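Enquirer: Counted from 1, the sequence shown has number 643 at position 400 by the numbering used here; the numbering is strictly sequential.
Glycine is no exception: its CB is placed at the ideal position from the N, C-alpha and C atoms.
All values reported here derive from a predicted model rather than from experimental measurement.
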Amino acid sequence: MPGSGEAVTRRIEARGGEGAGFVLSRGVVILFAVACGAAVANVYFSQPLLVTMGHDLAMSPALVGSVVTLTHVGYGLGLFFLVPLGDVADRRRLIVAQLLLLVVALAVVAAAHTAAILLVGMAAMGLLAVVTQTLVAFAASLAPPAGRGRVVGLVTSGVVIGILLARTASGLMTDLAGWRSVYLASASLTALLALVLYRVLPRHSDAPPTPLRYGQLLRSTITLFVRERLLRLRALFGLLIFAAFSTLWSSVALPLSEAPYFLPHSAIGALGLIGVAGALAATVAGRLNDRGLSGRTTGIALTLLAASWLPLSFTRSSLWALFVGVILLDLAVQAVHVTNQTLIYALHPDAGSRLIGGYMVFYSIGSATGAIAATSLYAVAGWGAVCTLGAAFSCLGLALWAFTRHGIPDPPRHHQDALSSEG
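1. With a 10 Å radius around its C-beta and 16 neighbouring C-beta atoms as the bar for buried, classify HIS649 as buried or exposed.
2. Could you compute how far the alpha carbon of VAL629 sits from the alpha carbon of VAL266?
3. Taking DSSP as the reference, what is the three-state secondary structure of ALA268?
4. What runs of the alpha helix (DSSP H), each 4 residues or longer, lie entirely inside the stretch 406-459?
5. SER551 and LEU572: beta carbons closer than 8 Å?
6. Quick check on ASP330: does DSSP put it in helix, strand or coil?
7. Could you round the C-beta distance between ILE338 and LEU378 to whole angstroms and report it? I think they count as a contact, below 8 Å.
8. Provide the residue span of the alpha helix (DSSP H) that contains PRO667, from first to last.
9. How about ALA318 and GLY401: do their beta carbons lie closer than 8 Å?
10. Nearest to TYR287 by alpha carbon, out of SER637, GLN577, GLY515?
11. Measuring only the C-alpha atoms, how far is ARG391 from SER303?
12. Find out if the Cβ-Cβ distance for the pair LEU545, ALA575 is shorter than 8 Å.
13. So, helix, strand or coil for GLY625, using DSSP?
14. Compute the beta-carbon to beta-carbon distance between GLY542 and TRP644, rounded to the nearest angstrom, for a pair I have assumed lies under 8 Å.
15. Looking at the secondary structure, which residues open and close the alpha helix (DSSP H) in which ASP299 lies?
16. Can you name, in chain order, every residue of its own chain whose Cβ lies under 7 Å from the Cβ of GLY364, other than the five neighbours on each side?
17. Quick check: the Cα distance between ALA278 and LEU436, rounded to an integer number of angstroms?
18. Among ALA622, PRO291, PHE480, THR490, which one has its Cα closest to the Cα of LEU415?
19. Indicate the three-state DSSP secondary structure (helix, strand or coil) for VAL373 in the structure shown.
20. How do the stretch 322-332 and the stretch 452-464 stand: do at least 3 beta-carbon pairs fall below 8 Å, yes or no?
21. Would you decide whether ALA616 is buried or exposed? Buried here means 16 or more other CB atoms lie within 10 Å of its CB.
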């Protein structure tokens, strides 16, 4: 959270005309964070519920596994095909429309009585959950340049908390009222957030949006990657850190459910509560970016990420070592993630949605790679091999930073690039 000594409101500078005259209070920033966390949590609710869903709908193990796959495929498609719309449409209306459609998808999932309906609902839910990234880009556009890192950090902390607590919340609610209650509750919360955001968020300014057709918009996302070395570099950092993040979180339940612990799913899910401590790094990293220390922040965070796998390797003999490793890993990942988003948005504020959406495609690739590799490796070589894999991803990130850190200097404090997006 931002320090209590800071002013609770910031007047938006009229750069790009987005919400000119709108006052971005701390309360509105927290609303952004809550909405982001609630939306992205939908992608992760199903992970502890797969067995229960499968039994309820008479699904084969292979079909049950496709629930998570389709959700993430939908999310990846949404990052490329939906998030860029934030650069040409009224973001307020786009966000509310996506949230209302997400309510429909959640209702379909909750009411599904066949595997086919469930899978269609899950894919649509993943596709629409990318409203999270539209919210991040909107928050960044409303923030004054001098405080953008702080705002992005706080909003990103909401995303992290949503990811980490989704499994815990869905497991507890399923024990109390069945798996369908998870999606009914989420649909209700999403509808409420759509109403609140519709009333609170500023209307689009009189400034015309980026004059691109939809096809041009998608092509320009690729063009931005070709032109911007910093974007390519930060996307690679994103891929590697989330590969490491997913390596841990997709497989840590396996050793904890075996000897000597035999922990129940509810206890394993509660591990996410410890990981939330790492989300605090998001706001700290944002402040350091505002001070022009992005390169140093990245290097320290990647060093911590690599070091986190040492205590994590002792998981089978010490839960305390696991706790320390989880906190270090989550802290490091979120510090780099916030730094990445803050820097790439500043490249072309007019193309903020395309930049963040394109960057998050690499996040999805990294997450999928880590999950598939970790679970497969655990089956054949055990927990030690999983930790070696996670450390390899982390050390690759650290090596990439070491080889490139002199090529792109830190931006000066309060700097905002004056480049405009392509038309």
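Expert: To lay it out plainly:
1. Along the sequence shown, one-based indexing puts residue 649 at 406. Exposed, by the Cβ-count rule.
2. By 1-based counting over the sequence shown, the position of residue 629 is 386. By 1-based counting over the sequence shown, the position of residue 266 is 23. Taking the straight line joining both Cα atoms gives about 47 Å.
3. What you label residue 268 is simply residue 25 of the sequence shown in a count that begins at 1. The displayed chain sequence assigns Ser, not Ala, to residue 268. In the structure shown, SER268 sits in a strand (DSSP, three-state: E or B).
4. 422-443
5. On the sequence shown, residue 551 is found 308 positions in, with the first residue counted as 1. On the sequence shown, residue 572 is found 329 positions in, with the first residue counted as 1. Going by C-beta atoms, SER551 is nearer than 8 Å to LEU572.
6. Here residue 330 refers to the residue found at position 87 when the sequence shown is read from its first residue. Of the three classes helix, strand and coil, the one that applies to ASP330 here is helix, per DSSP.
7. Against the sequence shown, residue 338 aligns to sequence position 95. Against the sequence shown, residue 378 aligns to sequence position 135. Rounded to the nearest angstrom, the Cβ distance from ILE338 to LEU378 is 6 Å, consistent with a contact under 8 Å.
8. No answer is possible for residue 667: it lies beyond the span of the chain, which begins at 244 and ends at 666.
9. Taking the first residue of the sequence shown as position 1, residue 318 is located at position 75. Taking the first residue of the sequence shown as position 1, residue 401 is located at position 158. At residue 318 the sequence reads Tyr, which differs from the Ala that was named. TYR318 places its beta carbon 8 Å or farther from that of GLY401.
10. On the sequence shown, position 44 is the one that residue 287 refers to. With distances taken between Cα atoms, TYR287 lies closest to GLY515.
11. If you number the sequence shown from 1, residue 391 lands on position 148. If you number the sequence shown from 1, residue 303 lands on position 60. Approximately 47 Å, taken between the alpha carbons.
12. As a working note, residue 545 is residue 302 in the sequence shown. As a working note, residue 575 is residue 332 in the sequence shown. Taking 8 Å as the Cβ cut-off, LEU545 and ALA575 qualify as a contacting pair.
13. Locating residue 625 in the sequence shown gives position 382, where the first residue counts as 1. GLY625: coil per DSSP, three-state reduction.
14. What you label residue 542 is simply residue 299 of the sequence shown in a count that begins at 1. What you label residue 644 is simply residue 401 of the sequence shown in a count that begins at 1. Contact flag correct, Cβ pair sits at about 5 Å.
15. Reading the sequence shown from its first residue, position 56 is the one you call residue 299. Membership of ASP299 in the alpha helix (DSSP H) is indicated by the continuous run 293-299.
16. As a working mapping, residue 364 is identified with position 121 in the sequence shown. For GLY364, where only same-chain residues beyond five positions count, the Cβ hits under 7 Å are ALA348, VAL351, VAL352, ALA355.
17. Residue numbering aside, residue 278 sits at position 35 when the sequence shown is read from its first letter. Residue numbering aside, residue 436 sits at position 193 when the sequence shown is read from its first letter. Cα-Cα distance, rounded: 7 Å.
18. The residue labelled residue 415 in the question sits at position 172 within the sequence shown. Measuring C-alpha to C-alpha distances from LEU415 to each of ALA622, PRO291, PHE480, THR490 identifies PRO291 as the nearest.
19. As a first step, residue 373 is located in the sequence shown; it is residue number 130 there, counting from the start. If DSSP states are grouped into helix, strand and coil, VAL373 belongs with coil.
20. yes
21. Position 373 of the sequence shown holds residue 616. When all chains shown are included, ALA616 counts as buried.
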